[in-house]
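Trainee: Sequential numbering of the sequence shown, starting at 2, is according to my numbering.
Backbone N, C-alpha and C fix where the C-beta goes; we use that ideal spot for every residue, glycine too.
Supplied in structure tokens, the structure appears directly below.
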Amino acid sequence: MKILVINAGSSSLKYQLFEMLDKVVIAKGLVERIGIADGKLTHRYGENGKFELDVDMKNHTVAMEHVLEALMSPEHGVIHSIDEISAVGHRVLHGGEKLTKSIIIDDYVEQVIEEYFPLGPLHNPANLMGIRACKAIMPDTPMVAVFDTAFHQTMPPKAYLYGIPRKYYENLGIRRYGFHGTSHRYIAGEIVKKPGLTQGSRVIIAHLGNGSSLSACVDGKCQDTSMGLTPLEGVLMGTRSGSLDPAVVQFISERESMTATQVVNMLNKESGLLALSQRSSDMRDVYTGAEEGDKNCQETLDVWAYGVKKYVGAYAAAMGGLDALVFTAGIGENDYRSRASVCEGLEFMGIKIDARKNEALRGVEGMISAEDSKVQVWVMPTNEELAIARDTLSLVTAEAQ
Ligand code: ADP
């Protein structure tokens, strides 16, 4: 059975075609600059196969036509007919409070994704365009929506309510939603299968990439997470500031004659590692800078690690203890220095890593805690696309029965 996973952005579209029998990706690719001049499709297949096509695409439907052509091409394709694709799983940013689980897409689901445009103004419209493009070309193929917010919907009100007048929650839906939910859910499901851990284990998942978020999970369910109404809240990220005093927005807006929207754009796109290091949004470059003696870069690393460490402490307190800490995503999976700096000094709460194990692990799964660590510390590569494909498969199989 083959499942196509689609992640549509406003001018881009990523895809992966899974063979679900052995859970492998048989082809994947990226379409860029949809609706803009100089469009491009990059299609990868087999061991090292790569096909590139420069073509202008006026909308997502045209982009999807090119994707399907590439998938079915006699030269670089992997299927013979559209009918071989059993279902399509779509990544959707915001399901709000109405769509709290992955779901088969029907008119109601499309309507709710649209209703939440104000909560995900960049992503939800693009996600819906991706869904409609696929439906236009593959009208008989079942489609499933998998939401970035869904996993966090188990948070209790004490974790998701902001201390502002209730009318803003009740009328405008302003609350903590959290993101990266598919990644957190995937890791939460995998970690409790490890020896010494159980379904009831208290787990902190540190998804540390260009965008970063932490979650506190008990019984495989989210109790709290660091991102909020939007992905801007929480720890320092590549170009996002993370949490700060909201009065900063007003202060900068008045002093610099900027609108609130401009300030928030600055906090999303021109802040974080990039702004503090004055060098790069990429953690590797910040480390290089620090090694070269750049004080700004060293300070940036300190701010980053201190911020993540505070969430680890806070979530352990919120859960009344901790059984496992998992590092995932670009930084979490690949960078032993960042993992070491987050764990440093946390021996008092049972977190003790084995420096040799930590240094040896890059991009693969493994436990990095010392033999006598009370808390298991893991590195676990995330796989959001596989999680989307699994959900899609299980929903369409259930419906077919
Ligand atoms: P995104 O949020 O865009 O999905 P990723 O999870 O791919 O981001 O993480 C990307 C980030 O991971 C990069 O910006 C880089 O800072 C970091 N990263 C990747 N590899 C390494 C490494 N070996 N050492 C340090 N940082 C790394």
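So, helix, strand or coil for I80, using DSSP?
Mentor: Residue state, collapsed to three classes: coil.
Trainee: Who are the near neighbours of Q299 in its chain, counting only those whose CB is closer than 6 angstroms to its CB and skipping five residues on each side?
Mentor: So the list reads A291, once near-sequence residues are dropped.
Trainee: Taking all protein chains shown into account, do 16 or more other C-beta atoms lie within 10 angstroms of the C-beta of K59, making it buried, or fewer, making it exposed?
Mentor: Answer is exposed; the Cβ neighbour count stays below 16.
Trainee: Identify every run of the beta strand (DSSP E) within the region 168-249, keeping only runs that are complete inside it and at least 3 residues long; order them along the chain.
Mentor: Listed in chain order, they are 203-209, 213-219 and 222-226.
Trainee: Any chance you could list the residues with Cβ under 5 angstroms from a heavy atom of the ligand FAD, keeping chain order?
Mentor: With respect to small molecules bound, the structure shown includes the ligand ADP and not the ligand FAD.
Trainee: Whether or not the region 331-348 and the region 280-296 are in contact is what I'm after, with contact meaning three or more pairs of Cβ atoms, one per stretch, closer than 8 angstroms; do they touch?
Mentor: As far as the Cβ criterion goes, the region 280-296 touches the region 331-348, which means the pair count is three or higher.
Trainee: What does D55 pair with, by DSSP beta-bridge criteria?
Mentor: D55 pairs with K41.
Trainee: Which residue comes first and which comes last in the alpha helix (DSSP H) that contains A151?
Mentor: Unbroken run through A151: none, as it is neither H nor E.
Trainee: With distances taken Cα to Cα, identify the nearest neighbour of L14 among I35, R203 and E234.
Mentor: Of the candidates I35, R203 and E234, the one whose C-alpha sits nearest the C-alpha of L14 is I35.
Trainee: With S11 and L123 assumed to form a contact (beta carbons below 8 angstroms), what rounded beta-carbon distance in angstroms separates them?
Mentor: Contact flag correct, Cβ pair sits at about 6 angstroms.
Trainee: Roughly how many angstroms separate the alpha carbons of D324 and D57, rounded to a whole number?
Mentor: Distance between the alpha carbons of D324 and D57 is about 51 angstroms.
Trainee: Check N125 in the structure and name its three-state DSSP category.
Mentor: It is helical.
Trainee: At which residues does the beta strand (DSSP E) containing T329 begin and terminate?
Mentor: First-last of the beta strand (DSSP E) with T329: A325 to T329.
Trainee: Find the nearest neighbour of V365 within the set K353, L275, E385 and G331, judged by alpha-carbon distance.
Mentor: Nearest option by C-alpha distance: G331.
Trainee: In the DSSP assignment, find the unbroken alpha helix (DSSP H) run with E385 in it and report its ends.
Mentor: From DSSP, the alpha helix (DSSP H) with E385 extends over E385 to A401.
Trainee: Could you give the C-beta distance for E48 and T183, rounded to a whole number, given that I count them as a contact under 8 angstroms?
Mentor: That belief does not hold up - the Cβ atoms of E48 and T183 are roughly 27 angstroms apart, past 8 angstroms.
Trainee: On the three-state DSSP scale, how would you describe F118?
Mentor: Of the three classes helix, strand and coil, the one that applies to F118 here is coil, per DSSP.
Trainee: Whole angstroms are fine: how far does the CA of V32 sit from the CA of Y169?
Mentor: One C-alpha to the other measures close to 38 angstroms.
Trainee: Rounded to whole angstroms, what's the CA-CA distance from D355 to N128? Just pull it up for me.
Mentor: When rounded, the distance between both Cα atoms is 42 angstroms.
Trainee: Compare the Cα-Cα distances from G321 to each of M238, R391 and A217 and report the closest residue.
Mentor: Checking every option, the nearest Cα to that of G321 belongs to A217.
Trainee: Suppose the cutoff is 6 angstroms on Cβ atoms and the five residues either side in sequence are ignored; what does the same chain contact list for T150 look like?
Mentor: If we look at T150 and ignore the five residues flanking it on each side, its Cβ neighbours are H95, G96, Y178 and G182.
Trainee: So, do the region 132-146 and the region 103-118 have three or more beta carbon pairs nearer to each other than 8 angstroms?
Mentor: Yes, the region 132-146 is in contact with the region 103-118.
Trainee: Could you tell me if L173 is buried or exposed, where buried requires 16 or more neighbouring beta carbons within 10 angstroms of its beta carbon?
Mentor: Exposed, since its Cβ has fewer than 16 Cβ neighbours within 10 Å.
Trainee: Closer than 8 angstroms is the cut-off here; do at least three beta carbon pairs connect the region 190-199 with the region 366-382?
Mentor: As far as the Cβ criterion goes, the region 190-199 touches the region 366-382, which means the pair count is three or higher.
Trainee: Count the other C-beta atoms from every protein chain shown that fall within 10 angstroms of the C-beta of Y312, then say buried if there are 16 or more, exposed otherwise.
Mentor: Y312 should be labelled buried.
Trainee: Here's the rule I'm using: 16 or more other beta-carbon atoms within 10 Å means buried, otherwise exposed. How should R256 be labelled?
Mentor: The residue is exposed, with fewer than 16 neighbouring Cβ atoms inside 10 Å.
Trainee: Are any of the Cβ atoms in chain B nearer than 8 angstroms to that of K310?
Mentor: Absent from the structure is chain B; it holds one protein chain and no more.
Trainee: Measure the C-alpha to C-alpha separation of Y163 and G78 and round it to an integer number of angstroms.
Mentor: When rounded, the distance between both Cα atoms is 50 angstroms.
Trainee: Quick one: give me the first and last residue of the alpha helix (DSSP H) that V314 is part of.
Mentor: The identity of residue 314 in the sequence shown is Gly, whereas the question assumes Val. Element bounds for G314: K296 to M320.
Trainee: How many angstroms separate the CA atom of E171 from the CA atom of A71?
Mentor: E171 and A71: Cα-Cα distance of roughly 47 angstroms.
Trainee: Using only CA atoms, which one of R176, P232, A248 and C344 lies nearest to I165?
Mentor: It is R176 whose Cα lies nearest to the Cα of I165.
Trainee: Please list the terminal residues of the continuous beta strand (DSSP E) segment that includes N8.
Mentor: K3 to A9 is the span of the beta strand (DSSP E), which, as asked, contains N8.
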